[in-house]
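**Q** Once you've had a glance at the structure underneath, I'll fire off some questions.
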Amino acid sequence: MIEIRWHGRGGQGTKTAALLLAETVIEEGKYGQGFPEYGPERMGAPVRGYNRVDDQPIRLHCGIKRPNVVVILDASLLDSEEVADGLADDGFLLVNTNRSPAEIWSSLSLKPTQRVYTTNASE
823 MIEIRWHGRG
833 GQGTKTAALL
843 LAETVIEEGK
853 YGQGFPEYGP
863 ERMGAPVRGY
873 NRVDDQPIRL
883 HCGIKRPNVV
893 VILDASLLDS
903 EEVADGLADD
913 GFLLVNTNRS
923 PAEIWSSLSL
933 KPTQRVYTTN
943 ASE
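Counting in this note's numbering, the sequence shown runs from 823 upward without gaps.
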């Protein structure tokens, strides 16, 4: 099973991305879940989304504590959120930023087996 955690801000599409990914994997014949986590905060507040993807039925219906993948839609959350918490030892982060993967990797004190990929998807 692949577990994914999304970090973004209200209004950036975090919830939509998680739900869309779940719909897509289901349409492709796999099993998927997608759900958001947010409170009563306003636009711009931190939001999390979650996905599970598997070839077998997913029997878990709880939060994701050890994601294989963490997607960070807003790089400003790198400084204010614990975005790497619980990341699997062989997991990776995908960050929307113009900073280098090495810079982000060292700033988060990741394990040698954890990877960082970056893309500037906002431009």
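Every residue gets a Cβ at the ideal spot worked out from N, C-alpha and C, and that includes glycine.
All values derive from a computational prediction rather than experimental measurement.
#1: So what does residue 855 bridge to, in DSSP terms?
#2: Residue 860 and residue 826: beta carbons closer than 8 Å?
#3: Could you tell me the distance, in whole angstroms, from the CA atom of residue 838 to the CA atom of residue 863?
#4: What number of angstroms, rounded off, separates the C-alpha of residue 909 from the C-alpha of residue 903?
#5: For residue 824, which residues from the same chain have a beta carbon less than 6 Å from its beta carbon, with the 5 sequence-adjacent residues on both sides left out?
#6: Which one or two residues does DSSP pair with residue 918 in a beta bridge?
#7: Compare the Cα-Cα distances from residue 930 to each of 900, 939 and 855 and report the closest residue.
#8: Would you kindly report the start and end of the unbroken beta strand (DSSP E) that includes residue 845?
**A** On the basis of the supplied data:
#1: What you label residue 855 is simply residue 33 of the sequence shown in a count that begins at 1. BP columns for residue 855 point to 874.
#2: Residue numbering aside, residue 860 sits at position 38 when the sequence shown is read from its first letter. Residue numbering aside, residue 826 sits at position 4 when the sequence shown is read from its first letter. In this structure, residue 826 does not lie closer than 8 Å to residue 860 by Cβ.
#3: Translated into positions along the sequence shown, residue 838 becomes position 16. Translated into positions along the sequence shown, residue 863 becomes position 41. If you take the alpha carbons of residue 838 and residue 863, they lie about 17 Å apart.
#4: Translated into the one-based positions of the sequence shown, residue 909 becomes position 87. Translated into the one-based positions of the sequence shown, residue 903 becomes position 81. Approximately 14 Å between the Cα atoms of the pair.
#5: Here the question's residue 824 lines up with position 2 in the sequence shown. Excluding positions up to five away in sequence, the list reads 875 and 890.
#6: Locating residue 918 in the sequence shown gives position 96, counting from the first residue. The partner list for residue 918 (beta bridge, DSSP) reads 941.
#7: Your numbering for residue 930 matches position 108 in the sequence shown. Of 900, 939 and 855, the residue nearest in Cα terms is 900.
#8: Numbered from its first residue, the sequence shown carries residue 845 at position 23. Residue 845 -> not in any beta strand (DSSP E); alpha helix (DSSP H) instead, spanning 836-849.
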